[in-house]
Amino acid sequence: MNETGTIGMAGTMPGASAVDVIDALLERAAKLKASDVHIDPRASDILVRYRIDGEVELAGSVPKRLHEEVIARLKILAGARTDVHSVPQDGRFKADLKEGPYNARVSFMPTYHGENAVIRLLSASLAGQCTFASLGFTPEHVALITKAMAASDGLILMTGPTGSGKTTTLRVCLGLKAEEPISVMTLEDPVEYEVPGVRHVHIRRSHGVSFASGLRSALRQDPDVIMVGEIRDEETAQTVIHTALTGHLVFSTLHTTSAIDAIPRLMDMGIEPYLLAATLRLVVGQRLVRRICAACDGTRSVGAEECAACRGTGYAGRCVIAEACEIDDGMRDKIVSGAPVSALRDHAALAGFKTMSQDAGEKVDWGVTSRTEALGALGA
Numbered sequence: 175m176n177e178t179g180t181i182g183m184a185g186t187m188p189g190a191s192a193v194d195v196i197d198a199l200l201e202r203a204a205k206l207k208a209s210d211v212h213i214d215p216r217a218s219d220i221l222v223r224y225r226i227d228g229e230v231e232l233a234g235s236v237p238k239r240l241h242e243e244v245i246a247r248l249k250i251l252a253g254a255r256t257d258v259h260s261v262p263q264d265g266r267f268k269a270d271l272k273e274g275p276y277n278a279r280v281s282f283m284p285t286y287h288g289e290n291a292v293i294r295l296l297s298a299s300l301a302g303q304c305t306f307a308s309l310g311f312t313p314e315h316v317a318l319i320t321k322a323m324a325a326s327d328g329l330i331l332m333t334g335p336t337g338s339g340k341t342t343t344l345r346v347c348l349g350l351k352a353e354e355p356i357s358v359m360t361l362e363d364p365v366e367y368e369v370p371g372v373r374h375v376h377i378r379r380s381h382g383v384s385f386a387s388g389l390r391s392a393l394r395q396d397p398d399v400i401m402v403g404e405i406r407d408e409e410t411a412q413t414v415i416h417t418a419l420t421g422h423l424v425f426s427t428l429h430t431t432s433a434i435d436a437i438p439r440l441m442d443m444g445i446e447p448y449l450l451a452a453t454l455r456l457v458v459g460q461r462l463v464r465r466i467c468a469a470c471d472g473t474r475s476v477g478a479e480e481c482a483a484c485r486g487t488g489y490a491g492r493c494v495i496a497e498a499c500e501i502d503d504g505m506r507d508k509i510v511s512g513a514p515v516s517a518l519r520d521h522a523a524l525a526g527f528k529t530m531s532q533d534a535g536e537k538v539d540w541g542v543t544s545r546t547e548a549l550g551a552l553g554a
């Protein structure tokens with residue numbers, strides 16, 4: 175693959191193999207800090223795209239004749255079945271690349287022109303270097319999260335849509351808790367980041383293991399802190415609340431549009447208000463925005479040349495815009511009394527709660543991101 179990002183190897187080198195193509199794709203993806211590699215078969219070729227800083231960019235194409243070999247090679251690496259082509263499959267593998275060690279998660283999906291593959295790349299080394307500050311959380315956010323994490327029990331929630339960085343934030347939380355002389359355990363589907371000192375459990379629904387049943391079994395393993403990958407249904411919500419009530423600190427995620435919206439969402443899942451008030455300690459809402467390139471200050475060029483750091487996009491890397499809602503005594507009283515969301519928001523505002531929109535505005539003023547990025551992340 176050449177430096178412009180087009181995949182020239184298979185088309186220009188006689189005898190180039192599927193192994194060569196995949197190696198080139200992964201090395202280039204790591205160099206560009208791509209989070210995903212999309213391998214999409216078409217009628218005449220294979221389209222390859224990278225997701226970089228949340229945006230999908232065209233990388234080039236691979237000859238159609240290599241399609242079956244590329245998919246077969248990926249399946250072998252990922253531990254998927256090479257003789258199955260008509261149903262979706264998932265797998266994973268480790269890759270030692272020039273940029274460092276990576277964990278790769280692969281999803282296979284049958285399409286009209288053949289099997290599609292998407293490779294999610296997770297840097298094993300960079301994940302361990304993340305901190306709340308490096309992710310973009312303000313000192314006020316960090317203080318609230320740290321305070322909640324100091325408790326011996328209760329529930330801490332990360333909210334936001336898919337791809338908003340919730341798992342990365344939880345990875346930082348778990349890394350800090352793993353430094354303490356306690357037992358830390360996770361239940362995930364799938365396991366994305368391995369944290370030293372933490373016992374990771376991969377939930378396998380195909381084997382009849384759900385988050386709820388896995389959590390009940392995990393409690394017999396004597397954990398102090400448990401991370402549940404996602405609260406998806408009433409059974410999981412009830413089990414998480416019960417766990418938080420019985421002397422465990424629980425971290426989890428929930429798909430809501432804001433931090434405060436997590437409260438009515440859990441009630442909709444059947445959680446009694448008094449139980450929610452007794453267990454919930456903090457809800458963090460977040461999105462990801464692209465950072466303005468520090469090398470060219472967003473101008474996309476250095477002198478007469480295109481900026482190499484951002485490849486002329488004006489952005490390099492991402493950070494969170496966030497909000498953190500602490501569940502104080504006043505908020506607990508309102509939850510128990512069944513106050514509407516508007517009343518919860520009013521109380522939070524009086525207590526100093528800063529919305530995600532306000533945090534985004536400050537990051538625009540500070541030159542961290544652009545107004546266009548902030549508005550896009552907020553759906554405005």
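Everything in the sequence shown is counted per my numbering, starting at 175 for the first residue and increasing by one. Here a beta-carbon is modelled for each residue, glycine too, at the ideal position from N, C-alpha and C. Just so it is clear, the structure is predicted and the values come from calculations on it, not from any experiment.
In terms of Cα proximity to Val346, the closest of Glu273, Thr336, Gln303, Leu318 is Gln303.
Rounded to whole angstroms, the gap between the alpha carbons of Ser338 and Arg390 is 28 Å. Within the same chain, Ala483, Ala490 come within 8 Å of Ala468 by CB-CB distance, once the 5 residues on both sides are set aside.
Here Val316 has Phe306, Ala307 as same chain residues with Cβ atoms under 8 Å from its own Cβ, once five neighbours each way along the sequence are excluded. Taking C-alpha positions only, Leu300 is separated from Lys272 by approximately 14 Å. By the neighbour-count criterion, in which 16 or more other beta carbons inside 10 Å mark a residue as buried, Gln460 falls on the buried side. Going by DSSP, Met443 is part of no beta strand (DSSP E) at all; its letter is neither H nor E.
The segment 377-405 contains, as complete beta strand (DSSP E) runs of 3+ residues, the segments 399-402 (chain order). Phe306 carries a helical assignment under DSSP once its states are collapsed to helix, strand and coil. Restricting attention to beta strand (DSSP E) runs no shorter than 3 residues, the segment 209-293 encloses them at 219-226, 229-237, 263-271, 274-285, ordered along the chain.
Shown here, Glu366 sits in coil according to DSSP, grouped into three states, outside any helix or strand. Taking the Cα of Gly234 as reference, the smallest distance to any Cα among Leu240, Thr427, Ile213 is reached at Ile213. A Cβ-Cβ distance of about 4 Å is found for the pair Ala352 and Gly371, placing them in contact under the 8 Å criterion. Minimum Cα-Cα distance from Val211 among the listed residues Ala217, Val195, Ser218 corresponds to Val195.
By the C-beta density criterion, Glu362 is buried, having at least 16 other C-beta atoms within 10 angstroms.
Taking the Cα of Thr285 as reference, the smallest distance to any Cα among Trp540, Gly421, Leu318, Ala217 is reached at Ala217. About 15 Å separates the beta carbons of Leu419 and Val399, which is beyond the 8 Å limit, so they are not a contact pair.
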